[in-house]
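Residue numbers (the working numbering): 1 to 234. We put the CB at the ideal spot given by N, CA and C, even for glycine. Being a predicted model, the structure only gives us computed values, none of them experimental. Have a look at the structure below, then the notes.
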Amino acid sequence: MGSAFPRIEPTEAGSHTRCRPLWLPYADRSVQQDVTHYRAGVVTSASRSARLTPNQLETLLQRLSAIEILPGVRGHLRPLRLVARQTPYYSNDSHWWSPDNYFAGGQLASYTTPVTGTDDPELFESERWGNFSYAIPVAQGKYTVTLFFAARHGSPGELLNSESKSTEAAHIFNVFCNGQAILQAFDPVKEAGQSDVVVRKFVGLEPNAQGKILLSFVPVEGYATVTGIEVLPL
């Protein structure tokens, strides 16, 4: 490989050291989606796995902004953070959030009016709305799942700004984890009070028989919504 790029040697069998790409905003999104980590010469993503030749790996490295090498523990999930947008996000608390993934149904919407009640309003500038679910693959164990919501009064997909007045729209819904209700008749606007941000944490959740944490967002009135999902192993 060229000296301008770090050389990554295949790890030994059974090792779970992984390399995670770090992206600048202008990095090629196709690579962002396809390359999740490199382990024993294999690039894996949510949809496929492929063994890389040295030339293929060198091509990928030429298109990366940086690489962070993190030690792993067998059967132990690293923190997973998903934000409802098409690009990664680096939050004010120094965490990388991955683009929206593992979802079924719903649509993305973005807004221009910043939310209040947080020191990181940019994190909440988009959402997934509708009737939708997330099937997040995890190893066996117990997890803390944190859901992030922005309380908005406008209709879904409406681009809000200071010069336009939003119309009232209902956002009342239930949230289920593997079929069990964890939020019922949840109204982000009501729960937020004087703020625009609502955060709900659930401790001790376990994957289903398929090895996934299945989060279902089911409308009661209007539509369901979520801005971000964080999954941390206990």
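Item checked: Neighbourhood of residue 104 by C-beta, 6 Å cutoff - its chain only, sequence neighbours within 5 removed -> 133
Margin query: So for residue 221, helix, strand or coil by DSSP?
Written below: strand
Notebook entry, point to check: Going by C-alpha distance, which of 152, 184 and 209 is nearest residue 136?
Noted result: 209
Checklist line | Coil, strand or helix - residue 123 by DSSP | finding: helix
Item checked: First and last residue of the uninterrupted beta strand (DSSP E) at residue 99 -> 96-99
Check: Given residue 117, which residues of its chain have a CB within under 8 Å of its CB, disregarding the five upstream and five downstream residues?
Finding: 192, 194, 195, 196 and 197
Margin query: My parser needs the alpha helix (DSSP H) runs of 4 or more residues fully inside the segment 169-216; what are they?
Written below: 188-192
Margin query: Is there a Cβ of chain B sitting closer than 8 Å to that of residue 209, yes or no?
Written below: Of the protein chains in the structure, only one exists, and it is not chain B.
Next item on the list: Please say whether residue 216 and residue 186 have beta carbons closer to each other than 8 Å?
Entry: no
Check: Excluding the five sequence neighbours on either side, which residues of its own chain have a C-beta within less than 8 Å of the C-beta of residue 234, listed in chain order?
Finding: 141, 142, 143, 144, 203 and 204
Checklist line | residue 56, DSSP secondary structure in three states | finding: helix
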